[in-house]
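S.K.: Protein chains in written order, with the numbering used here: chain A, 34 to 146; chain B, 34 to 146.
2 protein chains.
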Amino acid sequence: MAKHQTDLDHVFLALGDPTRRAILERLAAGPLSVTELARPFAMALPSFMEHLKKLENAGMISSDKDGRVRTCALVPGAFAPARDWLAAQKHLWEARLDRFDAFVTQLAKDPNE
Amino acid sequence: MAKHQTDLDHVFLALGDPTRRAILERLAAGPLSVTELARPFAMALPSFMEHLKKLENAGMISSDKDGRVRTCALVPGAFAPARDWLAAQKHLWEARLDRFDAFVTQLAKDPNE
DNA sequence: GGAATAGTTAGGGATATGGCTAAACATCAA
DNA sequence: TTGATGTTTAGCCATATCCCTAACTATTCC
Numbered sequence: 034m035a036k037h038q039t040d041l042d043h044v045f046l047a048l049g050d051p052t053r054r055a056i057l058e059r060l061a062a063g064p065l066s067v068t069e070l071a072r073p074f075a076m077a078l079p080s081f082m083e084h085l086k087k088l089e090n091a092g093m094i095s096s097d098k099d100g101r102v103r104t105c106a107l108v109p110g111a112f113a114p115a116r117d118w119l120a121a122q123k124h125l126w127e128a129r130l131d132r133f134d135a136f137v138t139q140l141a142k143d144p145n146e
Numbered sequence: 034m035a036k037h038q039t040d041l042d043h044v045f046l047a048l049g050d051p052t053r054r055a056i057l058e059r060l061a062a063g064p065l066s067v068t069e070l071a072r073p074f075a076m077a078l079p080s081f082m083e084h085l086k087k088l089e090n091a092g093m094i095s096s097d098k099d100g101r102v103r104t105c106a107l108v109p110g111a112f113a114p115a116r117d118w119l120a121a122q123k124h125l126w127e128a129r130l131d132r133f134d135a136f137v138t139q140l141a142k143d144p145n146e
């Protein structure tokens, strides 16, 4: 299996689970403790913690323990790698459309070629 | 495990693998047959086909068989679900920053509150 | 101190993922 | 019609994922 997972892999894989996306959505409103974060989810805490671990591993959330309470927060720029890759992809696609357009224009100008 | 995978799940999970991202990058330049698509990858064809199947399943590529050749193409708007979710997330985050800003401004105006 | 609260560790189970080889089709070309 | 070409099917293996319960540790509060 994939031995060298890049940041991008981790980020996209982290986003590929509805629980984790919901966690991120919740954290967008502000930091929360693990228990508060977990409250809406019908899931045992250890399972929930695994999701947090993956998000932290992907660099998308940070967490800090104070006393017995661990507080989680969204990392600014958490989505940048994903957005950047998608933007690059969009450019590739548009470049291709431009080439196609140029090709069609050329054809119209010079139908016998 | 997740029984009801949404489109978003499929799209993000599809993007979470470097082989599949490379396939998409390659297809951005134009449609290709399976064998041509596969050429740069050091992987047995059946393994490669699994990746194609996942991309098609996620609605990101389409394919058509003519004779013995299957040609794959990027689906226009393949990335829309991913980009939309990320954009929504960005708005949430900015709304939160705005609230924080308003709070700080209020504090500065009325320090005793 | 003793009880409640917040997380963590350990271990297990079902299914999914990402890879392989070998063999089967299907079609085109000579 | 025979052989080469382009997939496709079948079946297997190792590891990862996502979920669970039970038991443990560390704090805080009365």
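Here a beta-carbon is modelled for each residue, glycine too, at the ideal position from N, C-alpha and C.
Give me the Cα-Cα distance between T52 of chain A and T104 of chain B, rounded to the nearest whole angstrom.
M.R.: Spanning the two alpha carbons is a distance of roughly 36 Å.
S.K.: Can you tell me which residues form a DSSP beta bridge with D99 of chain B?
M.R.: In DSSP, D99 of chain B forms a bridge with B:V102.
S.K.: Taking CB distances under 7 Å as the criterion, tell me whether D131 of chain B reaches chain A.
M.R.: D131 of chain B does not count as touching chain A.
S.K.: In chain A, which residues lie less than 8 Å from E58 of chain B when you measure between Cβ atoms?
M.R.: Within chain A, the residues near E58 of chain B are Q122 and L125.
S.K.: Taking the Cβ atom as the reference point for each residue, do L85 of chain B and A47 of chain B lie within a distance shorter than 7 Å?
M.R.: No, the pair does not count as a contact, with Cβ atoms beyond the cut-off.
S.K.: Could you tell me the distance, in whole angstroms, from the CA atom of T68 of chain B to the CA atom of M82 of chain B?
M.R.: For T68 of chain B and M82 of chain B, the distance between alpha carbons rounds to 10 Å.
S.K.: Taking D65 of chain B as the reference, give the member of B:S80, B:V137, B:G49 and B:V102 with the closest Cα.
M.R.: What sits at residue 65 of chain B in the sequence shown is Leu, not Asp. Of B:S80, B:V137, B:G49 and B:V102, the residue nearest in Cα terms is B:V102.
S.K.: By a C-beta neighbour count over all protein chains shown, 10 Å radius and 16 as the cutoff for buried, is M34 of chain B buried or exposed?
M.R.: Below a pLDDT of 50, predicted positions are generally treated as unreliable, and M34 of chain B, at 40, falls in that range; no measurement from the model is reported.
S.K.: For the alpha helix (DSSP H) containing A47 of chain B, name the first residue and the last one.
M.R.: Note, A47 of chain B: alpha helix (DSSP H), D40 to L48.
S.K.: Suppose you measure from the CA of A106 of chain B to the CA of T39 of chain A; what does that come to, to the nearest Å?
M.R.: Taking the straight line from one Cα to the other gives about 26 Å.
S.K.: Report yes or no: is there a C-beta of chain A within less than 7 Å of the C-beta of L119 of chain B?
M.R.: Taking Cβ atoms only, chain A reaches closer than 7 Å to L119 of chain B, which makes this a yes.
S.K.: Is the separation between the beta-carbon of V44 of chain A and that of A115 of chain A shorter than 7 Å?
M.R.: The answer is yes: Cβ separation under 7 Å.
S.K.: Near L175 of chain B, which residues of its chain fall below 8 Å by C-beta distance, leaving aside the five closest residues on each side in sequence?
M.R.: As displayed, chain B neither begins before 34 nor continues past 146, which places residue 175 of chain B out of reach and without an answer.
S.K.: Quick one, are the C-beta atoms of A61 of chain B and L125 of chain A less than 7 Å apart?
M.R.: Yes, they are a contact pair.
S.K.: Check the DSSP bridge columns for I94 of chain A and list the partner residues they point to.
M.R.: Paired residues: A:L107.
S.K.: Any beta carbon from chain B within less than 7 Å of L46 of chain A's own beta carbon?
M.R.: Yes - at least one Cβ of chain B is within 7 Å of the one on L46 of chain A.
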